[in-house]
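**Student:** Encoded as C-alpha cells, here's the structure I'll be asking about.
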Amino acid sequence: MIAILGALAFLLMFLEFPVIPIVSYLKLDFSDVPVLIGTLLDGPVTGIMIAVVKCLLHGLVHGFAPVEFLGLGADFCSSLALILPFAWSFRRFKTVKKAMWFGGVSATILLTVLMTIFNYYVLTPAYMSMFAWHPSLPIKELMLVGVLPFNLLKGALISLVFAIVVVHLRHNKRFNLN
Numbered sequence: 170m171i172a173i174l175g176a177l178a179f180l181l182m183f184l185e186f187p188v189i190p191i192v193s194y195l196k197l198d199f200s201d202v203p204v205l206i207g208t209l210l211d212g213p214v215t216g217i218m219i220a221v222v223k224c225l226l227h228g229l230v231h232g233f234a235p236v237e238f239l240g241l242g243a244d245f246c247s248s249l250a251l252i253l254p255f256a257w258s259f260r261r262f263k264t265v266k267k268a269m270w271f272g273g274v275s276a277t278i279l280l281t282v283l284m285t286i287f288n289y290y291v292l293t294p295a296y297m298s299m300f301a302w303h304p305s306l307p308i309k310e311l312m313l314v315g316v317l318p319f320n321l322l323k324g325a326l327i328s329l330v331f332a333i334v335v336v337h338l339r340h341n342k343r344f345n346l347n
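The sequence shown begins at 170 in this note's numbering and counts up by one.
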C-alpha cells in the first residue's frame, strides 16, 4: 500500500499549478491526498512513509540539487502539517464526518501557520541567497498577501478533495469506515 500510494502521490506532483499570482513560484498539487488516505487507513507512520516515498521519487527524477532539496523539504513539512492533525482527529472522533471536519480545519490552520513561518525564516531567505532574488514586496508583506493565503487555500482544497475521496471510500466495504 505504501509503494502504490507513494507512486500515486509522486505522479500527482506533476499536476501542479500556481494559484496566487504574486507568489507564482508556490504551486498547488494534490499529492497529499494519497498521503492522507494512507494515514486514514493505516495511521500516521504510514502517511509519513508515503510522503517520504513521494519526495524520494521526486528527487530521483528531478535531482537533489540545493533548490530541489529545499522544495522537497518544504513539501515534506507541509505533508507533516496535514498528516498529524488528521491522524489525531481520526483517533479522537468516533465518526469519519467529525474527524474530517476537525482534521480539515486544524490541518489547514497548522499548515498555514507552519509554512508561513518556515517561508519567512528559512525558505525565502534561502532562495534569496541562492538566486540573488529580490521579491517585489517586502518579505513580511509577501508572507501576508501571498504565502499565507496560498497555504490557507492549499489546506482547504486538499481537505475538500480528501473528504470527497473518503465519501467514496466509505461505500466500499473493504475500507471499514463508519
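Glycine is no exception: its CB is placed at the ideal position from the N, C-alpha and C atoms.
Quick check: what's the CA-CA separation for A258 versus A301?
**Tutor:** As written in the sequence, residue 258 is Ser, which differs from the Ala given in the question. Roughly 42 Å separates the two Cα atoms.
**Student:** Run through DSSP, which three-state label would L177 get?
**Tutor:** L177: helix per DSSP, three-state reduction.
**Student:** Select from A243, F287, I308 and L205 the residue whose C-alpha is nearest the C-alpha of L177.
**Tutor:** Closest by alpha carbon: L205.
**Student:** Among all the DSSP beta bridges, which residues are the ones paired with K196?
**Tutor:** K196 is bridged to P187.
**Student:** Could you say if the region 266-275 and the region 216-223 meet the contact criterion of at least three C-beta pairs nearer than 8 Å?
**Tutor:** No, the region 266-275 is not in contact with the region 216-223.
**Student:** Identify every run of the alpha helix (DSSP H) within the region 187-273, keeping only runs that are complete inside it and at least 4 residues long; order them along the chain.
**Tutor:** Fully enclosed alpha helix (DSSP H) runs of 4 or longer: 201-211, 213-231 and 235-261.
**Student:** Quick check on the DSSP output: the alpha helix (DSSP H) that includes M170 runs from which residue to which?
**Tutor:** It is not in any alpha helix (DSSP H) - M170 carries neither H nor E in the DSSP assignment.
**Student:** Run the CB neighbour count on L229, radius 10 Å, all protein chains shown included, and call it buried at 16 or more, exposed below.
**Tutor:** Classification of L229: exposed, given that the 10 Å Cβ count is below 16.
**Student:** What are the boundary residues of the alpha helix (DSSP H) that M312 is part of?
**Tutor:** Counting along the chain, M312 falls outside any alpha helix (DSSP H), and DSSP gives it neither H nor E.
**Student:** With a cut-off of 8 Å, do at least 3 Cβ pairs link the region 324-337 to the region 292-299?
**Tutor:** Contact fails: fewer than three Cβ-Cβ distances are below 8 Å.
**Student:** Cα-Cα, which of D201, F186, I171 and S193 is closest to T277?
**Tutor:** Among D201, F186, I171 and S193, the Cα nearest to that of T277 belongs to D201.
**Student:** Can you tell which of M312, I173 and L195 has its C-alpha closest to the C-alpha of K323?
**Tutor:** Of the candidates M312, I173 and L195, the one whose C-alpha sits nearest the C-alpha of K323 is L195.
**Student:** What is the DSSP secondary structure of N288, counted as helix, strand or coil?
**Tutor:** Correct three-state label for N288: helix.
**Student:** Measure the alpha-carbon distance for P187 versus M284 and round it to whole angstroms.
**Tutor:** Roughly 16 Å between the two C-alpha positions.
**Student:** Where does the unbroken alpha helix (DSSP H) through P307 begin, and where does it stop?
**Tutor:** Counting along the chain, P307 falls outside any alpha helix (DSSP H), and DSSP gives it neither H nor E.
**Student:** Give the straight-line distance between the Cα atoms of P304 and K263, rounded to the nearest whole angstrom.
**Tutor:** Taking the straight line from one Cα to the other gives about 46 Å.
**Student:** How about P254 and S275: do their beta carbons lie closer than 9 Å?
**Tutor:** Yes.
**Student:** Going by beta-carbon coordinates alone, are A250 and L280 separated by less than 9 Å?
**Tutor:** Yes, the Cβ-Cβ distance between A250 and L280 is below 9 Å.
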